[in-house]
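Everything in the sequence shown is counted per the numbering used here, starting at 146 for the first residue and increasing by one. Glycine included, every Cβ here is placed at the ideal spot set by N, Cα and C. These numbers come from a predicted model, not from an experiment. Working notes, structure below.
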Amino acid sequence: MENTETRVVFKHNEKELILLGTAHVSKESVEEAVSLVNTEKPDVVCVELDEGRYASLSQKDVWEKLDVVKVIRSGRGFLLAANLVLAGFQRRLGDGLGVKPGEEMKSAVCAARENGVPFVLCDREVHVTLRRAWGSCGFWGKCKLAASLFSSAFSREKLNKQEIENLKRKSELDGMMNELSSYLPSIKKVFIDERDHYLASKIWEAFSRENVNRAAAIVGAGHLSGLAARLEEFASAEDAGEKEKLAALSDVSSLNEIPPPGFLARALPWMLPAVIAALITAGFLRFGVQTGLESLLRWFLWNGSLAAAGAVLAAAHPIAVLAAFVGAPIGTISPFLSVGLFSGAAQAFAHRPRVSDAENLNEDAASLKGLYKNRITHILVVFFLSSLGGAAGNIISIPALAKILF
Numbered sequence: 146m147e148n149t150e151t152r153v154v155f156k157h158n159e160k161e162l163i164l165l166g167t168a169h170v171s172k173e174s175v176e177e178a179v180s181l182v183n184t185e186k187p188d189v190v191c192v193e194l195d196e197g198r199y200a201s202l203s204q205k206d207v208w209e210k211l212d213v214v215k216v217i218r219s220g221r222g223f224l225l226a227a228n229l230v231l232a233g234f235q236r237r238l239g240d241g242l243g244v245k246p247g248e249e250m251k252s253a254v255c256a257a258r259e260n261g262v263p264f265v266l267c268d269r270e271v272h273v274t275l276r277r278a279w280g281s282c283g284f285w286g287k288c289k290l291a292a293s294l295f296s297s298a299f300s301r302e303k304l305n306k307q308e309i310e311n312l313k314r315k316s317e318l319d320g321m322m323n324e325l326s327s328y329l330p331s332i333k334k335v336f337i338d339e340r341d342h343y344l345a346s347k348i349w350e351a352f353s354r355e356n357v358n359r360a361a362a363i364v365g366a367g368h369l370s371g372l373a374a375r376l377e378e379f380a381s382a383e384d385a386g387e388k389e390k391l392a393a394l395s396d397v398s399s400l401n402e403i404p405p406p407g408f409l410a411r412a413l414p415w416m417l418p419a420v421i422a423a424l425i426t427a428g429f430l431r432f433g434v435q436t437g438l439e440s441l442l443r444w445f446l447w448n449g450s451l452a453a454a455g456a457v458l459a460a461a462h463p464i465a466v467l468a469a470f471v472g473a474p475i476g477t478i479s480p481f482l483s484v485g486l487f488s489g490a491a492q493a494f495a496h497r498p499r500v501s502d503a504e505n506l507n508e509d510a511a512s513l514k515g516l517y518k519n520r521i522t523h524i525l526v527v528f529f530l531s532s533l534g535g536a537a538g539n540i541i542s543i544p545a546l547a548k549i550l551f
């Protein structure tokens, strides 16, 4: 195996695989990816993209087809928001360099098409990665991950051209990986280690085709060393005739599974309304109708007012603010609904997204001003902040109700 800082040449059974490590917002990486395809003339090109990201890069109308209310209703509002925050953060890093995130992957695919070379999308779907990352965290891990996403949304950090290129150097990457491992080890496992395995399996599958003698794979530089190690495992298992081991290494179906929520996560949507209902009912039974009604009103005001306050903070339309106030108690009582569904749907009704909002979605997600200006991301902001306010209202109302009783 021949290695450099950005390129690994893997040879097996008279076949050759060239792994190119890139920085996702680097102009030089775009040029290197295109040059690799045009110069080496591989029989297949593998890229670190999934179907969803490839569609967003290659199809101009993919965001125009987005039904944000349907996304929220299906419980994927937070996932979409997290995905947009990450994409916006990457875009900000590349501002001023003239390169969009993932441009090197898109350019490699275009070069492959121009040369009549088949290409393979080798990455795991991003929503699976995000859900596995969230599911792998404990309570404090979830808090750290949410804080990291929140800080990324408001970060003004930008990197210059040299700093972007340094991201491809092993020493720089080792430091970043060590920092991530110590801060959030489970996240590093999902985002890096699992995807190393997933990418290696898909690349090996393409590389092993009978009609392939030379292959090329364009991946983020952070995956380069892990991929090389994984591919050596595949090659060793095949050379040793260990078919069962090779099949086990190739099977990545478990990496597409979403871990089931823990007991607390399953129970909390039922426990919270049960506790509130018990406190209000106790008020009626112990002190009579007046105290019971006072408890009910106090909870309604805490829950609805803070949900509405979150909607106001999100600069929501008055209809959405009212929907947050009225919908918060309903969302608390029913584990299958959320205050964000009511306020988000009302915001979408009052300010329907335009085609221009879909076209500028990625760009607007890169700034706080853009999040509020774009009607699609604004709906998500309303959904998130009103949900946060409603949750805070419920937490505050429990000791307030207990105080009336005791």
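Task: ALA427 versus SER532: straight-line alpha-carbon distance, rounded - done: 27 Å
Task: Residue span of the beta strand (DSSP E) that contains LEU191, given as start and end - done: For clarity, residue 191 is Cys in the given sequence; the question names Leu instead. Per DSSP, CYS191 belongs to the beta strand (DSSP E) from 189-192.
Task: Other residues of its chain near SER395: CB distance less than 8 Å, five sequence neighbours each side excluded - done: Same-chain partners within the cutoff: SER346, TRP349, GLU350 and PHE379.
Task: VAL484 versus PRO544 - alpha carbon distance - done: 21 Å
- [ ] Over the uninterrupted alpha helix (DSSP H) stretch that includes VAL551, give me the two end residues.
- [x] The question names Val, but residue 551 in the sequence shown is Phe. It is not in any alpha helix (DSSP H) - PHE551 carries neither H nor E in the DSSP assignment.
Open item on the list: Using CA atoms only, rank isn't needed, just tell me which of SER174, ILE425, PHE445 and VAL527 is closest to ALA461.
Closed with: VAL527
Open item on the list: Does GLY247 come out as helix, strand or coil in the three-state DSSP assignment?
Closed with: In the displayed model, GLY247 falls within coil according to three-state DSSP, outside both helix and strand.
Task: Simplified DSSP assignment, three categories, for LYS156 - done: strand
- [ ] Check THR151 in the structure and name its three-state DSSP category.
- [x] coil
Task: 6 Å Cβ shell around ARG276 - same chain, five flanking residues per side excluded - done: ILE403
Task: Spatial neighbours of GLY197 in its chain, beta-carbon cut-off 8 Å, leaving aside the 5 residues before and after - done: GLU270, VAL271 and HIS272
TODO: Quick one: give me the first and last residue of the alpha helix (DSSP H) that LEU202 is part of.
DONE: Element bounds for LEU202: 196-203.
Open item on the list: To test your reading of the DSSP string, which unbroken beta strand (DSSP E) runs of 3 or more residues are found completely within the segment 332-398?
Closed with: 359-365
TODO: Determine, using beta carbons only, whether TRP444 comes closer than 8 Å to chain D.
DONE: The chain inventory of the structure shown lacks chain D, comprising one protein chain alone.
Open item on the list: Judging by CA-CA distance, which residue of ILE421, CYS255, ALA456 and ALA468 is the nearest neighbour of LEU442?
Closed with: Comparing Cα positions, the closest option is ILE421.
Task: Cβ pair count under 8 Å reaching 3, the segment 453-469 against the segment 485-492 - done: yes
- [ ] Could you work out which residue in PHE529, ASP341 and LYS388 is closest to HIS368 when comparing CA atoms only?
- [x] The shortest C-alpha separation from HIS368 is found at ASP341.
- [ ] Check whether the Cβ of LEU442 sits closer than 7 Å to any heavy atom of the ligand HEM, and report yes or no.
- [x] The model on display carries no ligand, and the ligand HEM is accordingly not part of it.
TODO: Return the residue from the list ALA412, VAL189 and VAL364 that minimises the CA-CA distance to THR151.
DONE: VAL364
Open item on the list: Within the continuous alpha helix (DSSP H) that includes VAL271, where are the two ends?
Closed with: 271-281
- [ ] Taking 8 Å as the cut-off, decide whether the C-beta atoms of VAL254 and VAL189 are in contact.
- [x] no
Open item on the list: Taking only three categories from DSSP, how would you classify GLU402?
Closed with: coil
- [ ] Classify VAL175 as helix, strand or coil using the three-state DSSP reduction.
- [x] helix
- [ ] Pull up the distance between the alpha-carbon of VAL335 and that of ARG520, whole angstroms please.
- [x] 32 Å
- [ ] Could you tell me whether the segment 157-176 touches the segment 246-261, using the rule of 3 or more Cβ pairs below 8 Å?
- [x] yes
Open item on the list: Taking the alpha helix (DSSP H) that VAL484 belongs to, which residues open and close that run?
Closed with: 484-495
TODO: With DSSP collapsed to three states, give me the class of GLY535.
DONE: Residue state, collapsed to three classes: helix.
Open item on the list: Quick check: the Cα distance between ALA168 and ALA366, rounded to an integer number of angstroms?
Closed with: 6 Å
- [ ] Give a yes or no on whether the C-beta atoms belonging to GLY455 and GLY534 are separated by under 8 Å.
- [x] The criterion of a C-beta distance shorter than 8 Å is satisfied by GLY455 and GLY534.
- [ ] Please list, in chain order, all residues of the same chain as LEU542 whose beta carbon is under 8 Å from its beta carbon, the five residues on each side excluded.
- [x] What sits at residue 542 in the sequence shown is Ser, not Leu. Cβ neighbours of SER542 beyond the five flanking positions: ILE421, ARG443, TRP444, TRP447 and ASN448.
Open item on the list: Taking a contact to mean a Cβ-Cβ separation below 8 Å, would you say GLY371 touches ASP338 in this structure?
Closed with: yes
Open item on the list: Classify LYS186: buried if its beta carbon has 16 or more other beta carbons within 10 angstroms, exposed otherwise.
Closed with: With fewer than 16 other Cβ atoms within 10 Å, it is exposed.
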